[in-house]
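Peer 1: Residues 0 to 492 in numbering that gives the first Met the number 0 are what the sequence shown spells out, letter by letter.
Just so it is clear, CB atoms sit at the ideal spot from N, CA and C, and this is done for glycine as well.
These figures come from a predicted structure and were not determined experimentally.
Have a look at this one.
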Amino acid sequence: MANTRGKVLGIDLGTTNSCMAVIELGEPKVITNSEGKRLTPSVVGFSKKNELLVGELAKRQMVSNPENTVQSIKRYMGKPDYRVTLNKDQYTPHGISAKILQKLKHDSEKYLGDAVSKAVITVPAYFNDSQRFATKKAGELAGLEVLRVINEPTAAALAYGLKEGIENQKILVYDLGGGTFDVSILKIKNGVFEVLATSGDTQLGGDDFDRKVVDHLLSEFQAAEGIDISGNPEAMQRIREAAERCKIDLSTLTTANVNLPYIFENKLLDVEITRDQFETMTEDLVNKTISIMEKALQDSGLSPEDINKVILVGGSTRIPAVAREVEDFMGKTPLQSINPDEVVAMGAAVQAGILGNEYLKSSGEQQVESGNLVLLDVTPLSLGFETVGDSTASIIPRNTTIPTRNSKIFTTHYDNQRVVRGKILQGEDRAASKNVPLGMIVLDNIPPAPKGVPRIEVTFDIDANGIINATAKDLGTGIMRSVMIERPEGLND
Ligand code: AMP
C-alpha cells in the first residue's frame, strides 16, 4: 500500500450527497465508501431496531420509516433553534451532519488502510458565519480536525485550474446543487486563485425544482380524484422521490411519466409531464439564479465578455434549461469535463494537498510545488453591528479578501456602566433587524467611569474559513481585554 500516513481528507458535505477525495500520485482521486459508491447520500436515520443508519441504508428506509429518517439537513445548518427528533432523541443540524462525516471518516480509513484525522470541508460560498461555524463543529464532533473550511465554487475552480492548466484567466463558477446556489468569479494568475466576488442563495437548489413537480402532481391528483394527499407522510415521500426521478428523466427525455399505484388507498397517481411544462414550472427559479449571477458580475466590475471560462458545478446543472440559460447569458459554452457531482470534493482534496504539503501535478505534466498554489477567497456577506434605531454599522464589507480584520471603538452609554454588549450581524440591509444576528460581543468588568469615557477597541477578524473572531483592547490602559462572541446556545452543544 502507498504511503498514506497523515492524509488530509477532502470532503464535499452536500445537501443531497456527500463525496470525499484525497491526493494520490499528485492528483485528486475520489474515494469510494464502504458500499463501493463514490457518492454517499446525506441521509441519517434509525432503523426500527434503533440501529444508526447513514447514507444508502438510511435513504432506503425513507419511505418505510420517514419519521426516523432525515435528509437535506444542510438547509438548517447554523440555525440555533432547529432540532430533529429521531427515535425520541433530539439532534442539532451539526449533530446530524457529524454522523455523515463520521461515516466518511470511517470509510476513508477502510479504503486507505490508515487513520484519517484531518480534513478540509467545503461549504456554499454564501454560507454565513453561523453556518460555517456549525460545519466546523460537525467535523470536530466526528473526530476530525478541520484544517480549513473552503467554498464549494472555489474548490471547483481549484480542481479545474489544475486539471486544465488554467493560467492568467478569469473564470465564473455557477454551482447549483441540491439545496444551495452559489456563483463565484475568480482570477487565476501565477498559481494564485483569487476570488473577486461571490453571491448566492443558501435556500435555492434542486429540491426547489422537485417541489414544483410535487405541487403539480398533487394538484393533478386532486383534480382527478378530489383528494388532497399532501398531509400523508408516506404518500408524500413517494411523491417526492418520484418527482426527483421525473426531473432527472427530463434532463435526457422530452416526456416523463409518474406512475404511483396505491398512492392513497387503491388509487393510482398517473401523470405525464413534458420538458416544456417542466421548464415553464421552474422558469422563475432559473431566472433567480441568472439575476444572482448578474449581481456577482456587477460586484466584480466585470461583464460576461470579460470572463474567459464558465464552469458548471452541482447536480442541478444537468437540467438542460439551466445549462442553456447560463450559456446564453454568458455567451460561451461552459466547461463540463469534470463530473459535477465530484468536482467539489476533488477541489477540497487539492486544498487538503496544499495544507498537507503534497506534490500536485498540473495538466502540463510538470510538478507543481503545492506551496506555490495560493487561494485567496472573500467574505460573502457584510459584517456589522447593531446601533441605535435598528441601524447597522458596517465593520467589513462583503467581497473583502479573507483573512481580514477591522476595528471599532465601543464605549459606555451611561455613567458607571460595567458591561457593554454589541449584537453582530451579517447581511446587506441597513436595518439591523433584517440582517442575520450571529451573536453578541460582551465587554464586561469595565472600571466605573462617566459615560463615553471608556474607549474599548474591538478588532473583528474573519479567518481563512470565513469564521469570525474578536479581540479587544482598552485604549485607556492599553491592556488587552477578554472578549468573546457569544454564539446562540444551540450552536455550542
Ligand atoms: P449536488 O448537491 O451537487 O449533489 O446536487 C444534487 C441535486 O442535483 C439534486 O437535487 C438532484 O436531484 C440533482 N440532479 C442530479 N442529477 C440530475 C439530472 N440528471 N438532472 C437534473 N437534476 C439532477
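1. Quick one, are the C-beta atoms of asparagine 150 and alanine 114 less than 8 angstroms apart?
2. Could you compute how far the alpha carbon of tyrosine 413 sits from the alpha carbon of alanine 448?
3. With 16 as the cutoff for other CB atoms within 10 Å, does threonine 281 come out buried or exposed?
4. Check each candidate in Ile395, Val213, Thr399 and name the one with the smallest Cα separation from serine 406.
5. For the candidate residues Gly313, Met292, Val312, whose alpha-carbon lies nearest to that of methionine 493?
6. Judging by CA-CA distance, which residue of Ala255, Gln276, Gly314 is the nearest neighbour of lysine 211?
7. Under the criterion of a Cβ to heavy atom distance below 7 angstroms, does lysine 211 qualify as lining the ligand AMP?
8. If we define contact as Cβ-Cβ less than 8 angstroms, is leucine 157 a contact residue for chain D?
9. For glycine 142, which three-state DSSP category applies?
10. Less than 8 angstroms between the CB atoms is what I'm expecting for glycine 438 and isoleucine 484, so what's the real figure, rounded?
11. Roughly how many angstroms lie between the CA atoms of asparagine 398 and isoleucine 184, to the nearest whole one?
12. Give me the Cα-Cα distance between arginine 239 and aspartate 209, rounded to the nearest whole angstrom.
13. Are at least three pairs of beta-carbons, each pair with one atom in the segment 456-467 and one in the segment 100-111, less than 8 angstroms apart?
14. What is the rounded straight-line gap between the Cα of lysine 472 and the Cα of valine 7?
15. When you measure from the CB of threonine 14 to every non-hydrogen atom of the ligand AMP, does any distance come out below 7 angstroms?
16. Quick check: lysine 450 and proline 436, are their CB atoms within less than 8 angstroms of each other?
17. Which value, in whole angstroms, describes the spacing of the CA atoms of glutamate 364 and serine 432?
18. Taking the continuous alpha helix (DSSP H) assigned at glutamate 282, which residues delimit it?
19. Thinking C-beta only, is isoleucine 353 closer than 8 angstroms to arginine 131?
20. Look at the Cβ atom of serine 390, then the Cβ atom of glycine 176, and state whether they are nearer than 8 angstroms.
21. Based on Cα-Cα distance, which residue from Leu52, Asp298, Thr279, Asn444 lies nearest to serine 381?
22. Would valine 493 and leucine 161 be called neighbours here (beta carbons separated by less than 8 angstroms)?
23. Curious, which full-length beta strand (DSSP E) runs of at least 3 residues does the segment 180-208 contain?
24. DSSP three-state call for aspartate 340: helix, strand or coil?
25. Going residue by residue through the segment 93-170, where are the continuous alpha helix (DSSP H) segments of at least 4 residues, counting only ones entirely within it?
26. With a threshold of 7 angstroms on Cβ separation, who are the neighbours of leucine 140 within its own chain once the five nearest residues in sequence on each side are excluded?
27. In the DSSP assignment, find the unbroken alpha helix (DSSP H) run with leucine 539 in it and report its ends.
28. On the CB-based measure, 16 or more other CB atoms within 10 Å of its CB, does lysine 73 come out buried or exposed?
29. Quick one, are the C-beta atoms of glycine 489 and proline 79 less than 8 angstroms apart?
30. What is the DSSP secondary structure of aspartate 174, counted as helix, strand or coil?
31. Which residue comes first and which comes last in the beta strand (DSSP E) that contains glutamine 425?
32. How many whole angstroms separate the CB atoms of lysine 287 and leucine 171, which I take to be in contact at a CB cut-off of 8 angstroms?
33. Just the C-alpha distance for methionine 76 and phenylalanine 126, rounded to the nearest angstrom, thanks.
34. If distances are taken between C-alpha atoms only, which option among Thr411, Asn464, Ala430 comes closest to leucine 442?
35. Does the segment 335-342 come close enough to the segment 299-308 that 3 or more CB-CB pairs lie under 8 angstroms?
36. Let me check one thing: in DSSP terms, what residues is methionine 483 bridge-paired to?
Peer 2: So, from the data block:
1. no
2. Taking the straight line joining both Cα atoms gives about 9 angstroms.
3. buried
4. Selection Ile395, Val213, Thr399 evaluated against serine 406 yields Ile395 as nearest (Cα-Cα).
5. What is shown of the chain runs 0 to 492, which leaves residue 493 out entirely.
6. Gln276
7. no
8. Within the model displayed, chain D is absent; a lone protein chain is all it includes.
9. Residue state, collapsed to three classes: coil.
10. 5 angstroms
11. 11 angstroms
12. Their Cα atoms are separated by approximately 7 angstroms.
13. no
14. For lysine 472 and valine 7, the distance between alpha carbons rounds to 37 angstroms.
15. yes
16. no
17. Caution is warranted here: a pLDDT of 46 is assigned to glutamate 364, below 50, making its placement in the model unreliable, and the coordinate value is therefore given only provisionally. So the alpha carbons of these two residues sit roughly 53 angstroms apart.
18. 282-299
19. It is not a contact, given that the beta carbons lie outside the stated cut-off.
20. no
21. Asp298
22. For residue 493 there is no data in the structure shown, the boundaries of the chain being 0 and 492.
23. 180-188, 191-200
24. coil
25. 128-140, 151-163
26. His93, Gly94, Ala97
27. A query on residue 539 cannot be resolved here, the shown segment of the chain reaching from 0 to 492 and no further.
28. buried
29. With respect to proline 79, glycine 489 sits close: the two C-beta atoms are nearer than 8 angstroms.
30. Here aspartate 174 carries a strand assignment [DSSP, helix/strand/coil].
31. 419-425
32. About 17 angstroms separates the two Cβ atoms, so there is no contact after all.
33. 9 angstroms
34. Thr411
35. Judged by Cβ distances under 8 angstroms, the segment 299-308 makes no contact with the segment 335-342, as fewer than three pairs qualify.
36. Val441
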